[in-house]
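The structure appears right after this line, and notes come after that.
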Amino acid sequence: MNNYRLKNIIFIVQHGSFSKAIINYLLDIIDDESLRYYLLLLKSIWDSKYRNAFKYANKVISTTTTILRELARFEKIWILSLKKRQNNMIEEINILKNNLSSLPDYARNLIIPGLKLLGIRLDIDENLRIYSQKYEGYKNQQSIIKYSEARKK
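Using our numbering, you'd call the opening residue of the sequence shown number -12 and step up by one each time.
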């Protein structure tokens, strides 16, 4: 990956289409095929070329077994929601939910808020926890979590 860590690339991608210039630069220097497809997927989404984006999402999902696969699956879910294909979308959400525990925190922070927003937008009642289980061990974090859950009710 030419000494580019995936964590750094995810940090860049969090800024959305504002990171397009950096993505163009990375596409020129990165040799990793699955990362290249993921960056092309994001670029296609930002250019509203959803057919190409769907194609790249399937390529990333089929060619890698890393964090990129779940990030591409998340983007594929958004594309399916735009196409109003709810059955396929629910299936992909279930696969993504089963694999969330294997993702590191920096990738989870990118995926879970988007899934929660998608659930609200499409009236899907999915119970997704944004915080990690390691926060449940600290008393001060537990109080904040319980307070936020109480405010929802």
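Ideal placement from N, C-alpha and C gives every residue a C-beta, glycine not left out.
Predicted model only: the values in this text are computed from it and were never measured.
Alpha-carbon spacing of residue i relative to residue j, whole angstroms
i, j, result
"Asn86", "Tyr12", "31 Å"
"Ala40", "Lys133", "39 Å"
"Ile98", "Glu57", "9 Å"
"Ile54", "Ala94", "7 Å"
"Lys36", "Ser88", "31 Å"
"Gly3", "Trp33", "8 Å"
"Asp92", "Lys(-6)", "10 Å"
"Leu109", "Glu79", "15 Å"
"Leu104", "Leu22", "26 Å"
"Asp15", "Lys71", "34 Å"
Other residues of its chain near residue i: CB distance less than 8 Å, five sequence neighbours each side excluded
i, result
"Tyr43", "Tyr24, Tyr25, Leu27, Leu28, Ser31 and Ala59"
"Glu20", "Thr50"
Other residues of its chain near residue i: CB distance less than 7 Å, five sequence neighbours each side excluded
i, result
"Ile10", "Leu26, Leu29 and Lys30"
"Ala8", "none"
"Ile(-1)", "Ser6 and Ile9"
Residue i classed as buried or exposed, judged by whether at least 16 other C-beta atoms fall within 10 angstroms
i, result
"Leu67", "buried"
"Thr52", "exposed"
"Ser130", "exposed"
"Lys63", "buried"
Problem - Residue ranges of each alpha helix (DSSP H) within the segment 27 to 90, 4 or longer - result: Taking only runs of at least 4 residues, the alpha helix (DSSP H) segments lying wholly in the segment 27 to 90 are 37 to 50, 54 to 69 and 73 to 86.
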